[in-house]
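Shown next, in structure tokens, is the structure this report addresses.
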Amino acid sequence: MSNRVVVAFTGATGQLFGVKALELLDETPYESHLILSRAAKMNLEQESDQSVEEVRELADTAYNVQNVGAPPASGSFRTQGTLVCPCSMKTLSNIAHGNAGNLITRTADVSLKERQPLVLMPREKPLNRIHIQNMLDVTDAGGIIYPPFLSFYQRPDSLEEAVTRTMARALSFLGVDVSFDEWDGMSINE
Ligand SMILES: Cc1cc2nc3c(=O)[nH]c(=O)nc-3n(C[C@H](O)[C@H](O)[C@H](O)COP(=O)(O)O)c2cc1C
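Per UniProt numbering, the very first residue in the sequence shown carries number 1; after that it's consecutive.
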């Protein structure tokens with residue numbers, strides 16, 4: 001077991017999901033190891049009030065996406081697994097096909113080969129057949145497709161609360177326990 005979690009942001013919309021993952025990890029004993037793609041940095045500047053540098057500072061360690069020699073590129077660097085959030089269709093495709101050309105896709109490939117959790121939060125709409133096939137291929141290889149959909153049945157008071165619930169659940173697939181209210185069911189009046 002390790003206390004490291006790799007969090008990768010790619011260039012899909014929804015950078016706030018990745019930022020929330022880092023904020024939640026910061027409240028746990030787990031170390032966050034961050035990789036930002038070039039397009040993720042562009043989208044962060046577009047979508048977030050936090051600068052790229054401020055987001056990097058939320059993480060315990062940050063790597064250059066081009067550095068395929070960084071520690072997470074090796075299976076000998078033990079981690080709890082990898083969260084790609086948000087995951088672009090490009091990165092999804094590369095992972096589905098084993099194209100490990102940058103540190104994000106290499107780390108995802110390592111998680112699959114080491115049988116460690118790989119959670120992808122792919123975001124696009126609408127989805128074409130290629131996107132859906134790639135999600136199926138990653139699932140067949142052992143990855144978890146966890147789309148960044150919000151749920152409303154717990155009546156969140158804010159977007160922040162809904163995002164927090166979504167990301168607490170995502171981190172649970174990596175063995176990270178972030179406390180959040182569990183759904184305790186509802187009754188049916190016959
Ligand atoms: C503002 C903006 C929003 C984007 N949103 C998405 C998206 O939701 N999903 C997606 O797959 N690509 C999206 N893209 C395109 C990706 O950023 C682009 O395909 C990029 O090459 C992905 O590279 P990466 O996977 O290395 O980050 C968006 C691009 C921009 C500039």
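All C-beta atoms in this analysis are idealised placements derived from N, C-alpha and C, irrespective of residue type, glycine included.
For clarity, every value in this text was computed on a predicted model and none was experimentally measured.
- Relative to ligand 1, the beta carbon of ALA39 is positioned inside 7 Å of a heavy atom.
- Shown here for SER88: same chain residues with a beta carbon closer than 6 Å to its own, the five before and five after excluded, namely THR10, GLY11, ALA12 in chain order.
- For LYS113, the number of other beta carbons within 10 angstroms of its own is below 16, and it is reported as exposed.
- Between the alpha carbons of VAL68 and ILE104 lies a distance of about 9 Å.
- Within its own chain, no residue has a Cβ closer than 8 Å to the Cβ of ARG155 once the five positions on either side in sequence are excluded.
- Our two residues, ALA162 and ILE188, have alpha carbons roughly 25 Å apart in a direct line.
- When the five nearest sequence neighbours on each side are left out, the beta carbons in the same chain lying within less than 6 Å of the beta carbon of THR61 are those of HIS33, in order along the chain.
- About 6 Å separates the beta carbons of VAL5 and LEU25, which is inside the 8 Å limit, making them a contact pair.
- Proximity of the stretch 105 to 124 to the stretch 146 to 160 meets the contact definition, three or more beta-carbon pairs being nearer than 8 Å.
- Distance from the C-beta of ARG123 to the nearest heavy atom of ligand 1 is below 7 Å.
- Note that the C-beta distance between VAL19 and SER48 is below 8 Å.
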